[in-house]
Amino acid sequence: MAEYLQTVCEKYAIVDKIQVNTDAKEARWLENEQVWEVTLQHLMVGAGDLSEEDRALKVKEQGHSAVYTYEEKIRCKILISAVGGLVQPKSWPESIPGKDNFKGEIFHSARWRFDVNLKDKNVVVIGTGCSAAQFVPKLVTEYGAKSVTQLMHSPPWVSPKVIPPLGENLWNKWSPTLNTYVPGFNKAMRYSLGAVLEYDFRIFRSGSFGERERRKLEAECLAYMKSKAPEKYHEILTPNYGIGCKRRIWDPEWYASLNDPKIHLTTLPLKSLEEDTVTLGPGRNYPPENVASSVPTDKITIPADVIVLANGFQTTKWFHPFNVYGKEGKTLQDVFEERGGPQMYMGTAMDGFPNFFTLLGPNCFTGHTSVIYTTESMVTQTLNFIKPLLNGNIAKLEVKQEAQMKWTTQIQSALRSMVWADTRTKNWYLRDDGWNSNTYPYTQLDFFYRCSFPTWRHWNIAYTRKGFLKKWTKRTFVLLVWTVAFIDIYKKRTSGGGLGLNESLNRWFKKGLLVTASTLTKLAKNIQ
Numbered sequence: 001m002a003e004y005l006q007t008v009c010e011k012y013a014i015v016d017k018i019q020v021n022t023d024a025k026e027a028r029w030l031e032n033e034q035v036w037e038v039t040l041q042h043l044m045v046g047a048g049d050l051s052e053e054d055r056a057l058k059v060k061e062q063g064h065s066a067v068y069t070y071e072e073k074i075r076c077k078i079l080i081s082a083v084g085g086l087v088q089p090k091s092w093p094e095s096i097p098g099k100d101n102f103k104g105e106i107f108h109s110a111r112w113r114f115d116v117n118l119k120d121k122n123v124v125v126i127g128t129g130c131s132a133a134q135f136v137p138k139l140v141t142e143y144g145a146k147s148v149t150q151l152m153h154s155p156p157w158v159s160p161k162v163i164p165p166l167g168e169n170l171w172n173k174w175s176p177t178l179n180t181y182v183p184g185f186n187k188a189m190r191y192s193l194g195a196v197l198e199y200d201f202r203i204f205r206s207g208s209f210g211e212r213e214r215r216k217l218e219a220e221c222l223a224y225m226k227s228k229a230p231e232k233y234h235e236i237l238t239p240n241y242g243i244g245c246k247r248r249i250w251d252p253e254w255y256a257s258l259n260d261p262k263i264h265l266t267t268l269p270l271k272s273l274e275e276d277t278v279t280l281g282p283g284r285n286y287p288p289e290n291v292a293s294s295v296p297t298d299k300i301t302i303p304a305d306v307i308v309l310a311n312g313f314q315t316t317k318w319f320h321p322f323n324v325y326g327k328e329g330k331t332l333q334d335v336f337e338e339r340g341g342p343q344m345y346m347g348t349a350m351d352g353f354p355n356f357f358t359l360l361g362p363n364c365f366t367g368h369t370s371v372i373y374t375t376e377s378m379v380t381q382t383l384n385f386i387k388p389l390l391n392g393n394i395a396k397l398e399v400k401q402e403a404q405m406k407w408t409t410q411i412q413s414a415l416r417s418m419v420w421a422d423t424r425t426k427n428w429y430l431r432d433d434g435w436n437s438n439t440y441p442y443t444q445l446d447f448f449y450r451c452s453f454p455t456w457r458h459w460n461i462a463y464t465r466k467g468f469l470k471k472w473t474k475r476t477f478v479l480l481v482w483t484v485a486f487i488d489i490y491k492k493r494t495s496g497g498g499l500g501l502n503e504s505l506n507r508w509f510k511k512g513l514l515v516t517a518s519t520l521t522k523l524a525k526n527i528q
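Note that UniProt numbering gives residue 110 to position 110 of the sequence shown, counting from 1, and the numbers run on in steps of one.
Put into structure tokens, the structure is as follows:
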């Protein structure tokens, strides 16, 4: 992946435009200068791979210079945040005591410790999401772990791994050649895959159709689970919530790996850590305690040399710890708190923060297709916004508060009728109070259309002199065209003469009058 990114940067000659080992600490909008002032912190080599928590710990133990080299402030006309959502790993659960007493290593799967030798070690994994499903099967076969105990809160829905055309072996052998030398093959495959994935949106809707489609897919997934996983796990691997409520897993042989006697799956809750053991139970996370079940609930203590956290990311804290201060001196987090939760117009902009745009902001994620497609749509949208800023036609662009709040109300209302609102389980899309700042409640074709054709009336636009003159000239030209058309139609109606324009203009007579009136009104407002 790093090699690919390097190749892309070289191809488009942007290597010298990228500054690495740099952390954005804060940004402030300077109203008088109409620019953003960004405070940057330059990092020691390797510090960029550390989580926020690990950086803070290193500063505490070794001093500020162990992480940061120096600070600087830069100014920019346009500020774009492209940090994404799955950035900061969740930390150790504060409710579980004994972490300081544990003598082994504890790390998050998103910050994998390649320096930790897992051979002949007793490994405990916390979590059963997409990440855990990928690395748990390899802990024994590739890393040589002595035992693996995986702690599950609730079971995920798991679908069979998608087999590519011609089979996996032939596809891996020939797809590079086909993609490179057959014109249109790459795009055809991408559009076909996109169409198949977009069809999956049907399972996220409420109503009888969505419910019926979920039931069909759930039956297929359960049949697959029973064909791959040991029978002793069938009960705890059967979800009690609708498919799509949590992120679905495309099975990377996780089910099959549970047949290995060295891998043990349990829903006993983690209670505490000791020097080289962990205590599980009493009780169980799943099935719920009020459901009759033979699943074990007794307290046990098991050996543990290494603990791997696969408990996800901080997905409900946006832009943290990057503080962005708007026109009124408030941070984005302040505005989010005032308005009920993280929110942005089209996941891109917030009123009070001019010339600031976000890629993959609140409510842009999907549960059914690639985030790459979403990102590309948002890049298209952002380019539409920044082009007039870069060419000097606009000095400042800011979404209207009314448009932003109306958009948020619409999104949150639509989300309440989606499968993500299922209260029978928890997912990383929602906060504890039910606010969903992650998912988009419509199709990605809908999102693509909205991003491609911005609604400019939702924006406050401050034109430069150059931009205003260009806009005035364009509108005057349109006004003159419609005036000529009006005169021609009038002459044809009164005397049969005219300028010889096409008769079809007569059908647009009323529309021409409306556009002319609208243009004159807007010009008058701009002149004032």
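Even glycine gets a Cβ: it sits at the ideal position worked out from N, Cα and C. All values derive from a computational prediction rather than experimental measurement.
Whole angstroms is fine: what's the gap from V59's alpha carbon to K466's?
So the alpha carbons of these two residues sit roughly 50 angstroms apart.
Quick one: is F209 buried, meaning 16 or more other Cβ sit within 10 Å of its Cβ, or exposed?
Result: exposed.
In angstroms with no decimal places, state the Cα-to-Cα distance between L332 and T358.
One C-alpha to the other measures close to 12 angstroms.
With a threshold of 7 angstroms on Cβ separation, who are the neighbours of E31 within its own chain once the five nearest residues in sequence on each side are excluded?
Counting only Cβ-Cβ distances below 7 angstroms, and skipping sequence neighbours, we find K327.
What's the call for L469, buried or exposed, on a 16-neighbour Cβ count within 10 Å?
By the neighbour-count rule (16 or more Cβ atoms within 10 Å), L469 is not buried but exposed.
Please determine, among P288, D251, P261 and F201, the residue with the shortest C-alpha to C-alpha distance to I236.
Residue P288 is the option with its Cα nearest to I236.
Do G144 and T315 have their C-beta atoms closer together than 8 angstroms?
No, Cβ-Cβ distance for G144 and T315 is not below 8 angstroms.
If you count every other CB in all the chains shown that lies within 10 Å of the CB of V8, and 16 or more means buried, which is it?
Answer is exposed; the Cβ neighbour count stays below 16.
For the pair the stretch 157 to 173 and the stretch 267 to 276, tell me if three or more CB-CB distances fall below 8 angstroms.
At 8 angstroms Cβ cutoff, the stretches do not touch.
How long is the line joining the alpha carbons of D54 and N311, rounded to whole angstroms?
Those two C-alpha atoms are separated by around 16 angstroms.
Looking at the strands, I want to know which residues DSSP matches up with H42.
Paired residue(s): T22 and Y70.
Quick check on the DSSP output: the beta strand (DSSP E) that includes S147 runs from which residue to which?
Start and end: S147 to L151.
Could you tell me the boundaries of the beta strand (DSSP E) in which P303 lies?
Segment I300 to P303, the beta strand (DSSP E) holding P303.
Could you check what DSSP says for residue 533 in three-state terms: helix, strand or coil?
The chain is shown only over 1 to 528; residue 533 falls outside these bounds and no answer can be derived.
If we call anything under 8 angstroms between Cβ atoms a contact, is K396 one with N438?
No, Cβ-Cβ distance for K396 and N438 is not below 8 angstroms.
Helix, strand or coil: how does DSSP classify S417 here?
S417 falls in the coil class under three-state DSSP.
For R339, tell me which candidate among T348, L40 and T409 has the shortest Cα-Cα distance.
The option with the nearest alpha carbon to R339 is T409.
In the DSSP assignment, the beta strand (DSSP E) including F336 goes from what residue to what residue?
Run containing F336: none in the beta strand (DSSP E); it sits in the alpha helix (DSSP H), L332 to E338.
Please state whether DSSP places K11 in a helix, a strand or coil.
Note: K11 maps to helix in three-state DSSP.
Pick out whichever of P165, G367 and A56 has its Cα sitting closest to the Cα of D200.
Comparing Cα positions, the closest option is G367.
With a 10 Å radius around its C-beta and 16 neighbouring C-beta atoms as the bar for buried, classify M225 as buried or exposed.
Label assigned to M225: buried.
May I ask you to list the residues that DSSP assigns as paired with I307?
I106 and V124, per the DSSP bridge assignment.
Between which two residues does the beta strand (DSSP E) harbouring A349 extend?
Segment: none, A349 is in no beta strand (DSSP E) and carries neither H nor E.
Hey, quick one: how far does the alpha helix (DSSP H) through A395 stretch, first residue to last?
Not the alpha helix (DSSP H): A395 falls in the beta strand (DSSP E), residues I394 to V399.
Is the distance from the Cβ of V125 to the Cβ of V148 below 8 angstroms?
Taking 8 angstroms as the Cβ cut-off, V125 and V148 qualify as a contacting pair.
What would DSSP say about C245, mapped onto helix, strand or coil?
Looking at C245 - three-state DSSP - the assignment turns out to be coil, as it is neither helix nor strand.
Rounded to the nearest angstrom, how far is the Cβ of V162 from that of W250, given a contact under 8 angstroms?
About 6 angstroms separates the two Cβ atoms, so the contact holds.
How about the stretch 291 to 310 and the stretch 104 to 117: do they share at least three Cβ pairs that are nearer than 8 angstroms?
Yes, the stretch 291 to 310 is in contact with the stretch 104 to 117.
Cβ of V15 within 8 angstroms of Cβ of A24?
Against a cut-off of 8 angstroms, the Cβ pair of A24 and V15 comes out as no contact.
Below 8 angstroms between beta carbons: does that hold for D120 and K146?
Yes, Cβ-Cβ distance for D120 and K146 is below 8 angstroms.
Determine, using beta carbons only, whether P454 and F365 come nearer to each other than 8 angstroms.
Their beta carbons are not under 8 angstroms apart, which means P454 does not touch F365 by this criterion.
Give the straight-line distance between the Cα atoms of K317 and P342, rounded to the nearest whole angstrom.
Answer to the nearest angstrom: the Cα atoms are 8 angstroms apart.
Taking only the alpha-carbon atoms, compute the straight-line gap between F135 and V123 and give it to the nearest angstrom.
In a straight line, the C-alpha of F135 is about 12 angstroms away from that of V123.
Please state whether DSSP places F209 in a helix, a strand or coil.
Correct three-state label for F209: helix.
Report the rounded CA-to-CA distance for N259 versus P93, giving the unit in angstroms.
Between N259 and P93, the C-alpha separation is close to 29 angstroms.
When burial is assigned at 16 or more other CB atoms within 10 Å of the CB, is E231 buried or exposed?
Under this definition E231 is an exposed residue.
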